[in-house]
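One structure is given below, encoded as structure tokens.
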Amino acid sequence: MGCSKIVGRCFPIFVIAIVFDVVGIVLLLLGIFAQLTYWDFFIYTGAIIISLSLIFWICWYSVNLEPSEELRLA
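Residue 125 is where the sequence shown starts when you use our numbering, and the numbers rise one by one after that.
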């Protein structure tokens, strides 16, 4: 059972979505907990990156949708 069987179709989009989530969370937490003078840059950038990852999650989900039996027979 390969990794793409567990994840579904379009493994690259799944990986890109995970990377965007991890980078966004790291930047967000860095902006919150690090004692930096430009903390707001990290908070806003992390939030934007996490928001952009939703595009990849929606693409990955819509690629993995299976048509119903009624649509396949039509």
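Idealized CB from N, CA, C, for every residue including glycine.
Does the Cβ of residue i have 16 or more other Cβ atoms within 10 Å, making it buried, or fewer, making it exposed?
i	result
L160	exposed
L153	exposed
F138	buried
F165	exposed
I172	exposed
Which residues in the same chain as residue i place their Cβ atom closer than 7 Å to its Cβ, once the five residues preceding and following it in sequence are excluded?
i	result
W181	A141
I167	L152, G155, I156
W163	G155
Keeping to the same chain, check which residues put their C-beta closer than 6 Å to that of residue i; ignore five residues upstream and five downstream.
i	result
T169	L151
C183	I137
Can you check whether the C-beta of residue i is within less than 8 Å of a C-beta belonging to chain B?
i	result
L153	No chain B is present in this structure, which holds just one protein chain.
Can you give me the Cβ contacts of residue i inside the same chain, cut-off strictly under 8 Å, excluding the 5 residues immediately before and after it?
i	result
E194	none
> Are the region 136 to 149 and the region 176 to 184 touching by the rule of at least three beta carbon pairs closer than 8 Å?
Replying inline: Yes: at least three Cβ pairs fall under 8 Å.
>> Taking 8 Å as the cut-off, does the region 128 to 143 touch the region 182 to 193 (at least 3 CB pairs, one atom from each stretch)?
In response: With a cut-off of 8 Å, the region 128 to 143 and the region 182 to 193 count as touching, because enough Cβ pairs lie within range.
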